[in-house]
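Chemist:
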Amino acid sequence: MQLDSAPLCAADIAPELMRQFAFLSGGRGDNGSPIIVFPEFPTFGDITDREFHNVLTYLTSVPSLSSTDVGFILVIDRRQDRWAAVKGTLLRIAGSFPGNLELVLVLRPTTLLQRTLSDIFFKFNKDFKMKVPVIMLSSIAELHSYIDRTQLTEDLGGTQEYCHDKWISHRTAIEGFALMVKKTAQTLQSFGTELAETELPSEVQATTNLLSTHTDKKDQMKEDLLVALGQGSRLLESINEPVVRDPDHNMNQDELENMATVQRLLSQLDETERAFDEFWVRHQTKLEQCLQLRHFEHNYSEVRTQLEQVSEKLLTFSEVGISPAHADHIFAEHTAYEERVNELLDRAASLAQEGEDLVQKSHYAQDSIQLKCTEISTISEDVRAGLKARREQLLKAMKLHHALERASKWVDDGIYLLASQPVDKCLSHEGAELALQELEGYLNNAQQNQLSDPSTIWTEYEAVLNPQFKDQVEKVFQKQLSMQDMFDKRRVSLKKLATKQTRPVQPVAPRPEAFIKSPLSSPGQPSHSSTNTESTKHCRRRTRQRRVLSLAVTKEHNRHASLSEEEENLAVLRRHVMNELLETERAYVEELLCVLQGYASEMDNPAMLPLIPAPLQNKKEVLFGNMSEIYHFHKRTFLRELEQYTDCPELVGRCFLQRMTDLQIYEKYCHNKPRSESLWRQCSDCAFFQNQECQKKLEHKLGLDSYLLKPVQRITKYQLLLKEMLKYSKTCEGADDLQEALASILGILKAVNDSMHLIAITGYEGNLSELGKLLMQGSFSVWTEHKKGHAKVKDLARFKPMQRHLFLHEKALLFCKRREENGEGYEKAPSYSFKHSLSMSAVGITENAKGDNKKFEIWCKSREEVYIVQAPTADVKTTWVNEIRKVLTTQLEACREASQQRSAEPGFPPVCGAATLSPFKSGQRSFKKPEEKKAEPGSTDAMSSFSPKPTGTGWNKTSLSLDASEEHEGYSSAEDPLHSDTEDGASKKLCAGKYTVKADYEKAGAQELMVKNGETVELIKQEDDGQWLVRNLSTSKEGTMAVANLMSLIGKSKSCQSLTSSEGSGSGNLSTSSSCSETYTSFSDIKP
9 MQLDSAPLCA ADIAPELMRQ FAFLSGGRGD NGSPIIVFPE FPTFGDITDR
59 EFHNVLTYLT SVPSLSSTDV GFILVIDRRQ DRWAAVKGTL LRIAGSFPGN
109 LELVLVLRPT TLLQRTLSDI FFKFNKDFKM KVPVIMLSSI AELHSYIDRT
159 QLTEDLGGTQ EYCHDKWISH RTAIEGFALM VKKTAQTLQS FGTELAETEL
209 PSEVQATTNL LSTHTDKKDQ MKEDLLVALG QGSRLLESIN EPVVRDPDHN
259 MNQDELENMA TVQRLLSQLD ETERAFDEFW VRHQTKLEQC LQLRHFEHNY
309 SEVRTQLEQV SEKLLTFSEV GISPAHADHI FAEHTAYEER VNELLDRAAS
359 LAQEGEDLVQ KSHYAQDSIQ LKCTEISTIS EDVRAGLKAR REQLLKAMKL
409 HHALERASKW VDDGIYLLAS QPVDKCLSHE GAELALQELE GYLNNAQQNQ
459 LSDPSTIWTE YEAVLNPQFK DQVEKVFQKQ LSMQDMFDKR RVSLKKLATK
509 QTRPVQPVAP RPEAFIKSPL SSPGQPSHSS TNTESTKHCR RRTRQRRVLS
559 LAVTKEHNRH ASLSEEEENL AVLRRHVMNE LLETERAYVE ELLCVLQGYA
609 SEMDNPAMLP LIPAPLQNKK EVLFGNMSEI YHFHKRTFLR ELEQYTDCPE
659 LVGRCFLQRM TDLQIYEKYC HNKPRSESLW RQCSDCAFFQ NQECQKKLEH
709 KLGLDSYLLK PVQRITKYQL LLKEMLKYSK TCEGADDLQE ALASILGILK
759 AVNDSMHLIA ITGYEGNLSE LGKLLMQGSF SVWTEHKKGH AKVKDLARFK
809 PMQRHLFLHE KALLFCKRRE ENGEGYEKAP SYSFKHSLSM SAVGITENAK
859 GDNKKFEIWC KSREEVYIVQ APTADVKTTW VNEIRKVLTT QLEACREASQ
909 QRSAEPGFPP VCGAATLSPF KSGQRSFKKP EEKKAEPGST DAMSSFSPKP
959 TGTGWNKTSL SLDASEEHEG YSSAEDPLHS DTEDGASKKL CAGKYTVKAD
1009 YEKAGAQELM VKNGETVELI KQEDDGQWLV RNLSTSKEGT MAVANLMSLI
1059 GKSKSCQSLT SSEGSGSGNL STSSSCSETY TSFSDIKP
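Mapping to the working numbering: the sequence shown position 687 is 695, numbers consecutive.
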């Protein structure tokens, strides 16, 4: 039997309920008792006690408590059964019915025998006697006398509609909905508890994260609530469906109770949602207030710290200047500083107002906020007072400085006036009167120029007078007193002359520049001619010095004015270039948009499809390339970034450098241009273009082909604009960036140009991408020579050169024949027929061929094949030779590294330095020493490529010959790069390795290295600034050295990394002197 304490659900016993051996029909007895019907069930005896108990327990739990308290009426239909079935049913009900019984009605078997048996055995069998009456009914009519027909189902002669499947479905849905409501309420309760117990964070970010997390959880809860409400509404509609379908339908009691249950659950959900919303509003408000408080506290901390720093800095301000100009400068600095502080004060005021707003909104921490607002306002007022006091101090200082300047100038002018009055004219009555009037007129301005009493100055300017300032005031005041004394004496003398006629004397008038100490000479005083002469010379010198100084100042002013005017002109030119760049960029973007919308989009227009020819259909990507990608880059990125440099055009190079990788999208467009041009030529006469519908709509005067050329023209235009900008910005900050941007743009143009030529090669059977990066390409005149035996003969006696277009890759050199094509535009571009190629791992180079400085040699197979190449100019030749040299040098370094790795493997001899080669061979072969080779006219010093190959169980070395004669002035790339051609400069002559120092060197800087003659040093690597990182192996110290210093110290020293070969007892040194300088070969084909 079911002994679990948890209530049963319809879903738990769905299989038992589906058997329908008992069900609630929904009917009620006269006193409201629920009716449980036991229909005819032939296999009733097969039902287990557990199943029987579970079903009856569940059915008795469905009606309301008020109905179950009255008791249940059982209707047992056994009309087609036997007495044994009736007896078994009654015994089971009597033994395990879980509820109260009001009445048991049994429809006994209808057959005569079974009816008779039922009557007999029912009277005498007491085993199934219950506490409630059990009534045996013979017919449906007797049943109707106990229960109204409207409360019985149709199979019992009633009128009540009943669907068992629908009843189970409703019960399952109602119980599921009730469980959902319960879980939702529990989840909301748990979440509310979590919110209530959450501690408020003390940081802004933590508060923000907490608010975001809680908001997300709340939104999820709301979604769950909405789901539950939706499910309940749909269930209510399902229960109410019969009434909606038939308004006259009367629901039975069970259906009414189901509807009431669902409505009650929906009401609970509504109340739960409302309570949760109210709680969430309070919690959200608290979190938002907490976040506002944390922001306020953070800003308060920053503003207060800054205000305190300002206050401390104001206390340190005491300088008042030593001159008017200095005082003006200090005042200007203070004004600028005051403006910055005022911004801080404005922020503090805004913060205080923000705090007041929080207090007005009843913030939970209003006391703390109010206190901080008061503090910030107090500190702000103190800072304002300090700024005001400092400003007043500086204004007073400026006023006093200017007063001292006026007084000093007034005194100097007065002294000059005294010195400039001619004595001979003052001896006459009229002259004395005139001079006296000049003095009186000058003294009339004394009130506004001279200093007042010192005690007044000390009192008025006490706050700004420091000892130095006081001393300055006293000096000016003493100078003023001296000048007044001189004026008084001169006035007395002039007044005497004006009132008394003296006897004639021969006056000697002093020069105006002289400083006249006494206005008149006493007649009885002896003359001091030597003193006057020295004074006159001194005055003349001072006059000349003043004039020279004035002239110098004038020239310096004019020079600065000229420089300023030139800089302004350059700035105007830079702005013009920048305006042109921006205007053309905007126009370019608009043109691309017009092409994409007016042509490309129209190709996807179904209405235009009949006008598009077959070759053009589905070829939009071929015709327009990646123009859309170019447009979006310029519209969304490049144009906006260029506009940011409007006010500083000299820095626009940085924008190009930052977007140089993005600008490489033009390479893809240019690669596709020949295909686009060919497609355009093929379809330009079609109706889609011929009718010019698109061109008319766009109001374009030019055809589509002109606009397809715009991207090519634009990428070329950039380098012209950058050149112009660089020309006007050579002394500006961004000149280096402009130079680098220009070089990068030119690099893109070169890469585009090279790739356009590369794709025009025909007849090459391999994959060009496997040859590595294309380094150079160009047209040359080429002669070929082949060594046959020991003599050199020209191939087919060819004296006339072949015209070949050479493509230099990292791994191969291609010889092609240029063929001009007929056509227009890109169809007229040349094509190249492949002739032959040379692997860069098997070539050598002789940089100077006799007879022409534009020729150089490329050879292979120990000079069995020689190609004499003549460049158009010597510069082109130098560029190609340098590039080939770089390729061979790179291969040499790779060879050395591979040799080092192989030397560590079993079966290989030890390696000397970084590139010692000692391959095994089947027979010994000795090498001549350098001295022997030098003495032998036919000796050679250039090494061709070699590749030892395995033979049997050992290694057999092929040719390692020296067969380039001295007349070619060549050497192989096996030699140390230190002795390479001087064309690359000193820095390219050095390579990492060990060298012997030939002279002492004392370090000039803290980072440099000190070395002595005879010591061994190791060159580690070259830094970005060009200097080398060097280690002194004798002292184990490291430092940096300039290239020039290294060349002077080790220029004649041989690197310990020279290629050597030791086999058995014999050894051969393959390094050469620096005189052998111009032939390279590659060793990258050495294989183990």
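We put the beta carbon where it would ideally sit given N, CA and C, even for glycine.
Because the structure is a prediction, the values reported are computed rather than measured.
Could you please give the first and the last residue of the uninterrupted beta strand (DSSP E) stretch that includes K819?
Modeler: Taken as a continuous stretch (DSSP letters only), K819 belongs to no beta strand (DSSP E), as it is neither H nor E.
Chemist: Consult DSSP for G184 and reduce its assignment to one of helix, strand or coil.
Modeler: Three-state result, G184: helix.
Chemist: As an exercise, report each continuous alpha helix (DSSP H) stretch of at least 4 residues that is fully enclosed by the segment 670 to 720, in chain order.
Modeler: Complete alpha helix (DSSP H) runs here, min 4: 673 to 691, 695 to 698, 701 to 706, 712 to 716.
Chemist: Can you name the residues that DSSP bridges to Q1035?
Modeler: BP columns for Q1035 are empty, so no partner.
Chemist: Closest by CA to A857, which one among V889, V328, R87, R826?
Modeler: Ranking the options by Cα distance to A857, first place goes to V889.
Chemist: L312 and E211 look like a contact to me (Cβ under 8 Å); what is the Cβ gap, rounded to whole Å?
Modeler: In the sequence under discussion, the amino acid at residue 312 is Arg, which differs from the Leu named in the question. With a Cβ gap of about 18 Å, R312 and E211 do not count as contacting.
Chemist: Please return the same chain residues whose Cβ sits closer than 6 Å to the Cβ of T1043, not counting the five positions on each side in sequence.
Modeler: Hits under 6 Å: none found.
Chemist: Is it buried or exposed for N775, if we count other Cβ within 10 angstroms and need 16 for buried?
Modeler: Its Cβ having fewer than 16 others within 10 Å, N775 is exposed.
Chemist: Can you tell me whether F325 is helix, strand or coil according to DSSP?
Modeler: Three-state result, F325: coil.
Chemist: Find the nearest neighbour of G786 within the set Y170, P880, R827, judged by alpha-carbon distance.
Modeler: For G786, the nearest C-alpha among the options comes from P880.
Chemist: With DSSP run on the structure shown, which of helix, strand or coil describes I143?
Modeler: Three-state result, I143: strand.
Chemist: Span of the alpha helix (DSSP H) holding K504?
Modeler: Per DSSP, K504 belongs to the alpha helix (DSSP H) from 475 to 507.
Chemist: If we count the other Cβ atoms within 10 Å of its Cβ and call it buried at 16 or more, is V252 buried or exposed?
Modeler: By the 10 Å Cβ count, V252 comes out exposed.
Chemist: Determine the direct distance from the alpha carbon of K825 to that of M810, and round the result to whole angstroms.
Modeler: About 9 Å.
Chemist: Going by the DSSP bridge assignment, what does H178 pair with across the sheet?
Modeler: For H178, which the question treats as bridged, DSSP gives no partner whatsoever.
Chemist: Using three-state DSSP, classify H844 as helix, strand or coil.
Modeler: The answer is strand: DSSP assigns H844 an E or B state.
Chemist: Thinking C-beta only, is L196 closer than 7 Å to F284?
Modeler: Against a cut-off of 7 Å, the Cβ pair of L196 and F284 comes out as a contact.
Chemist: Given that a residue counts as buried once 16 or more other Cβ atoms are within 10 Å of its Cβ, and exposed if not, what is L489?
Modeler: So L489 ends up on the exposed side.
Chemist: Quick one: Cα of L712 to Cα of A344, how far?
Modeler: Between L712 and A344, the C-alpha separation is close to 58 Å.
Chemist: Hey, which unbroken runs of the alpha helix (DSSP H) at 4 residues or more fall wholly within the segment 216 to 286?
Modeler: 249 to 253, all fully within the segment 216 to 286.
Chemist: Who are K781's beta bridge partners in DSSP?
Modeler: Answer is none; K781 lacks a bridge partner.
Chemist: Decide if the segment 362 to 370 is in contact with the segment 291 to 305; the criterion is three or more beta carbon pairs, one per stretch, under 8 Å apart.
Modeler: Contact holds: three or more Cβ-Cβ distances are below 8 Å.
Chemist: Go through its chain and collect everything with a Cβ distance to A181's Cβ below 6 Å, but skip five positions before and after it.
Modeler: Result list for A181: L243, in chain order.
Chemist: Tell me, to the nearest whole angstrom, how far the beta carbon of G742 is from that of S684; I am working on the premise that it is less than 8 Å.
Modeler: In fact, because the Cβ distance is near 36 Å, the residues do not count as touching under 8 Å.
Chemist: Is it buried or exposed for N626, if we count other Cβ within 10 angstroms and need 16 for buried?
Modeler: With fewer than 16 Cβ atoms within 10 Å of its Cβ, N626 is classed as exposed.
Chemist: Any idea what DSSP makes of M1018, helix, strand or coil?
Modeler: Reduced to three states, the DSSP call for M1018 is coil.
Chemist: Does the Cβ-Cβ distance between V472 and K404 come in under 7 Å?
Modeler: Yes, the pair counts as a contact, with Cβ atoms nearer than the cut-off.
Chemist: Starting from the Cα of E400, find the closest Cα among I338, L353, L444, K863 and give me that residue.
Modeler: Nearest of I338, L353, L444, K863 to E400, Cα basis: I338.
Chemist: Could you tell me whether the segment 306 to 321 touches the segment 227 to 236, where touching means 3 or more Cβ pairs closer than 8 Å?
Modeler: Too few Cβ pairs lie closer than 8 Å, so no.
Chemist: Report buried or exposed for K226, applying the criterion of at least 16 other Cβ atoms within 10 angstroms of its Cβ.
Modeler: By the neighbour-count rule (16 or more Cβ atoms within 10 Å), K226 is buried.
Chemist: For T1048, list the residues DSSP reports as bridge partners.
Modeler: In DSSP, T1048 forms a bridge with E1016, L1037.
Chemist: Scan the segment 403 to 445 and note each continuous alpha helix (DSSP H) run of 4 residues or more that stays entirely inside, going in chain order.
Modeler: Counting whole runs of 4 or more residues, the segment 403 to 445 contains the alpha helix (DSSP H) stretches 431 to 434.
Chemist: Quick one: grab the DSSP three-state call for L459.
Modeler: Coil.
Chemist: Considering just the uninterrupted stretch of the beta strand (DSSP E) at Y1003, what are its terminal residues?
Modeler: Looking at the DSSP string, the run of the beta strand (DSSP E) that includes Y1003 is 1001 to 1004.
Chemist: According to DSSP, is L16 part of a helix, a strand, or is it coil?
Modeler: L16 falls in the coil class under three-state DSSP.
Chemist: What's the gap between the Cα of A93 and the Cα of E183?
Modeler: Rounded to the nearest angstrom, the two C-alpha atoms are 34 Å apart.
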